[in-house]
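Protein chains in written order, with this note's numbering: chain D, 1 to 226; chain G, 1001 to 1226. Since the structure comes first, as structure tokens, the remarks are kept for the end.
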DNA sequence: GATCATCTTCAAACATTCTAAAAGAAACAA
DNA sequence: TTGTTTCTTTTAGAATGTTTGAAGATGATC
């Protein structure tokens, strides 16, 4: 269970956050003021910190900055009250990783939390290159080679292939692909996924009708193997 | 078939919703007032609740809050009449997961429903690997090995074996298997379970006619042992 | 030995996935 | 703006794979 620290002074919002997060199986610690929150963040080993921008004692921005100075690099999600405040959070070098503007739906919040957790997990092993069979991927240059010849992939195709490459051997469901490759605010159908698989196979497999790398698992999803 | 509860007083909207949802193979229950709706939501085990903000008797917001207090954590999609109302719905304090503003296209509605369902499915933590006898299961990779050789299991076989593995030593009745592995609203003949037991035994037992792992308990069910 | 429960087999019914083609969006240039 | 191109999504029929339920055989229990 992932540990999340919530620093929020408004009791109503705090309770709602707690309920929503608990519902999604997170382990939540709640602090109602900046000082306590800051100390908790330093002491406890949290995988994510949710930080209100406006707190009674210390400014959320200052807490954020200080935490980074202390070497705490857990992802920080900022809660901002007004849209005008976003600029402060973004533009400046505060060290926050993402923000949500109140009011927000819990769907959005949860999606962003998952996205942040995902991002920071794979930060360590962010690939630059990847080779399998006679295919070579260069993630930085956005280039794909099959043997000596360059293969043109659209942005989506590339993203999808990268996602697979990072999860070699795992069976990945269409729903998971829609959520994580397309994103929580995009709503294509699962058939769309099939079609991209088709495109990738045509471009990458020697015999697209008998794929060796992108395998179908009936009723489960797809698996990428080297 | 996913069970959805719709709480909506306007008959025209309600019927339209029912038609749209039915078209997309959802199992719909309709309630036209807040009280009935609330009770249904508590009693029935719905995978999603669509809730109109403005109802004749109780406010949709109150219903939403009360449901969360009761520990009902099915995702809730709010229907709001005016854009100004959105702020009330969001802010999270209420516990709604997403909202749609009337009038809405059926495409958008369906898309949001799917997104909500998608996200709330993959919540529970699950076993990743399991070994017994000369069998090794990898749930992430959907792989089964008997000694050195890979065994092919269909999605259903896999699900069933996983269910057994998670309940090692327990005698599990056919009814329980039908309920939990096959799902609440599917009622295949009890022979179906037998069939799957048979398939699994063939694939994982050394001598399928004299099983060592999946044992029959006459008139009671089956027990899985390591 | 009679009765009921489970095992086994198999083909029809059903569901999912594949594929190609067309419609819809978005990006770009004239 | 308008037209052109490229990318993305939807649609629908064909192909493929899985699940189901019937029916007879086998085994367990009283």
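Glycine residues also receive a C-beta, built at the ideal position from the N, C-alpha and C atoms.
- Message: Along the chain, where does the beta strand (DSSP E) containing residue 6 of chain D start, and where does it finish?
- Response: Locating residue 6 of chain D in the first chain gives position 6, counting from the first residue. Note, residue 6 of chain D: beta strand (DSSP E), 3-7.
- Item | Which listed residue (D/132, D/1 and D/9) has its alpha carbon closest to that of residue 164 of chain D | Counted from its first residue, the first chain places residue 164 of chain D at position 164. The residue with the shortest Cα to Cα distance from residue 164 of chain D is D/132.
- In terms of residues, what are the limits of the alpha helix (DSSP H) holding residue 1193 of chain G? As a working note, residue 1193 of chain G is residue 193 in the second chain. Per DSSP, residue 1193 of chain G belongs to the alpha helix (DSSP H) from 1191-1204.
- Message: Within the continuous alpha helix (DSSP H) that includes residue 166 of chain D, where are the two ends?
- Response: As a working note, residue 166 of chain D is residue 166 in the first chain. Start and end: 155-166.
- Message: Counting only Cβ pairs nearer than 9 Å, list the residues of chain D close to residue 1116 of chain G.
- Response: As a position in the second chain, residue 1116 of chain G is number 116, starting the count at 1. Result: 107.
- Query: Roughly how many angstroms separate the alpha carbons of residue 67 of chain D and residue 4 of chain D, rounded to a whole number?
  - Reply: Looking up residue 67 of chain D in the first chain gives position 67. Looking up residue 4 of chain D in the first chain gives position 4. Approximately 15 Å between the Cα atoms of the pair.
- Message: For the region 183-203 of chain D against the region 149-158 of chain D, do three or more pairs of beta-carbon atoms, one drawn from each stretch, fall closer than 8 Å, so that the two count as touching?
- Response: Yes: the two stretches touch, three or more of their Cβ pairs being nearer than 8 Å.
- Nearest to residue 1060 of chain G (by Cα), restricted to the options G/1112, G/1159, G/1025 and G/1009: Taking the first residue of the second chain as 1, we reach residue 1060 of chain G at position 60. Cα-wise, what sits closest to residue 1060 of chain G is G/1009.
- Message: For a quick check, are the C-beta atoms of residue 34 of chain D and residue 55 of chain D less than 8 Å apart?
- Response: Indexing the first chain from 1 puts residue 34 of chain D at position 34. Indexing the first chain from 1 puts residue 55 of chain D at position 55. Contact: yes.
- Message: Per the DSSP calculation, residue 136 of chain D is bridged to which residue(s)?
- Response: As a working mapping, residue 136 of chain D is identified with position 136 in the first chain. According to DSSP, which records beta bridges pairwise, residue 136 of chain D is partnered with D/131 and D/145.
- Task: Mind listing the chain G neighbours of residue 218 of chain D? Cutoff is C-beta to C-beta under 9 Å, in chain order.
- Result: Reading the first chain from its first residue, position 218 is the one you call residue 218 of chain D. Per Cβ cutoff of 9 Å: 1154 and 1155.
- Query: In chain order, what residues of the same chain have a beta carbon less than 7 Å from the beta carbon of residue 1142 of chain G, not counting five sequence neighbours either side?
  - Reply: Against the second chain, residue 1142 of chain G aligns to sequence position 142. Counting only Cβ-Cβ distances below 7 Å, and skipping sequence neighbours, we find 1158.
- Same chain only: Cβ atoms within 7 Å of residue 24 of chain D, ignoring 5 sequence neighbours per side: Start at 1 with the first residue of the first chain, and residue 24 of chain D comes out as number 24. So the list reads 110, once near-sequence residues are dropped.
- Item | C-alpha gap between residue 1029 of chain G and residue 1006 of chain G, whole angstroms | For the purposes of this step, residue 1029 of chain G is taken as residue 29 along the second chain, with counting starting at 1. For the purposes of this step, residue 1006 of chain G is taken as residue 6 along the second chain, with counting starting at 1. It is roughly 6 Å from the alpha-carbon of residue 1029 of chain G to the alpha-carbon of residue 1006 of chain G.
- Neighbouring residues, chain G, relative to residue 171 of chain D (Cβ below 8 Å): Counting from 1 along the first chain, the entry for residue 171 of chain D is found at position 171. Result: 1140, 1141 and 1142.
- residue 211 of chain D CB to nearest chain G CB: under 8 Å? Walking along the first chain from the start, residue 211 of chain D turns up at place 211. No, because no Cβ of chain G sits closer than 8 Å to the Cβ of residue 211 of chain D.
- Query: Going along the chain, which residues of the region 1054-1074 of chain G sit with their C-beta nearer than 7 Å to a C-beta in chain D?
  - Reply: Taking 7 Å as the Cβ-Cβ cut-off against chain D, the residues of the region 1054-1074 of chain G that qualify are 1068 and 1073.
- Message: Which residue marks the beginning of the beta strand (DSSP E) containing residue 221 of chain D, and which one marks its end?
- Response: Indexing the first chain from 1 puts residue 221 of chain D at position 221. Annotation for residue 221 of chain D: the continuous beta strand (DSSP E) segment containing it runs 221-224.
- Item | Contact check, residue 105 of chain D vs residue 1096 of chain G, beta carbons under 8 Å | To locate residue 105 of chain D, count along the first chain from 1; it is residue 105. To locate residue 1096 of chain G, count along the second chain from 1; it is residue 96. Yes; because the gap between Cβ atoms is below 8 Å, this pair is in contact.
- Item | Contact under 8 Å by Cβ, residue 41 of chain D with residue 49 of chain D | One-based indexing of the first chain puts residue 41 of chain D at position 41. One-based indexing of the first chain puts residue 49 of chain D at position 49. A contact, by the Cβ cut-off of 8 Å.
- Top-ranked residue by Cα proximity to residue 1229 of chain G, from G/1194, G/1213 and G/1224: Residue 1229 of chain G falls outside the range modelled here, since chain G spans only 1001 to 1226, and no answer is possible.
- Would you kindly report the start and end of the unbroken beta strand (DSSP E) that includes residue 1100 of chain G? Position 100 of the second chain, counted from the first residue, corresponds to residue 1100 of chain G. Taken as a continuous stretch (DSSP letters only), the beta strand (DSSP E) holding residue 1100 of chain G covers 1098-1101.
- Task: Could you have a look at residue 53 of chain D and say whether DSSP puts it in helix, strand or coil?
- Result: Along the first chain, read from residue 1 onward, the residue named residue 53 of chain D stands at position 53. Here residue 53 of chain D sits in coil by DSSP.
- Item | Beta-carbon proximity check, residue 100 of chain D vs residue 112 of chain D, cutoff 8 Å | Within the first chain, numbered from 1, the residue matching residue 100 of chain D stands at position 100. Within the first chain, numbered from 1, the residue matching residue 112 of chain D stands at position 112. A contact, by the Cβ cut-off of 8 Å.
- Counting along the chain, where does the alpha helix (DSSP H) carrying residue 38 of chain D start and finish? On the first chain, position 38 is the one that residue 38 of chain D refers to. According to the DSSP assignment, residue 38 of chain D belongs to the alpha helix (DSSP H) that extends over 34-43.
- By DSSP, does residue 1171 of chain G sit in helix, in strand, or in coil? The sequence position of residue 1171 of chain G within the second chain is 171, counting from 1. It is a strand residue.
- Task: Check each candidate in G/1076, G/1014 and G/1196 and name the one with the smallest Cα separation from residue 1103 of chain G.
- Result: Counted from its first residue, the second chain places residue 1103 of chain G at position 103. Looking at the Cα atoms, G/1014 is the closest of the given residues.
- Neighbour list for residue 1099 of chain G in chain D, Cβ cutoff strictly below 7 Å: As a position in the second chain, residue 1099 of chain G is number 99, starting the count at 1. Ordered by position in chain D, the residues that pass the 7 Å Cβ test against residue 1099 of chain G are 105.
- Task: Measure the C-alpha to C-alpha separation of residue 1079 of chain G and residue 1058 of chain G and round it to an integer number of angstroms.
- Result: The sequence position of residue 1079 of chain G within the second chain is 79, counting from 1. The sequence position of residue 1058 of chain G within the second chain is 58, counting from 1. When rounded, the separation of the alpha-carbon atoms in residue 1079 of chain G and residue 1058 of chain G is 15 Å.
- Just how far apart, CA to CA, sit residue 20 of chain D and residue 64 of chain D? Numbered from 1 along the first chain, position 20 holds the residue referred to as residue 20 of chain D. Numbered from 1 along the first chain, position 64 holds the residue referred to as residue 64 of chain D. Looking at the two C-alpha atoms, the distance is approximately 23 Å.
- Message: Does residue 1122 of chain G come out as helix, strand or coil in the three-state DSSP assignment?
- Response: Along the second chain, one-based indexing puts residue 1122 of chain G at 122. Reliability fails at residue 1122 of chain G, whose pLDDT of 48 lies under 50, so the model's placement of it is uncertain and no value is given.
- Item | Those residues which DSSP pairs with residue 58 of chain D across a bridge | For the purposes of this step, residue 58 of chain D is taken as residue 58 along the first chain, with counting starting at 1. Answer is none; residue 58 of chain D lacks a bridge partner.
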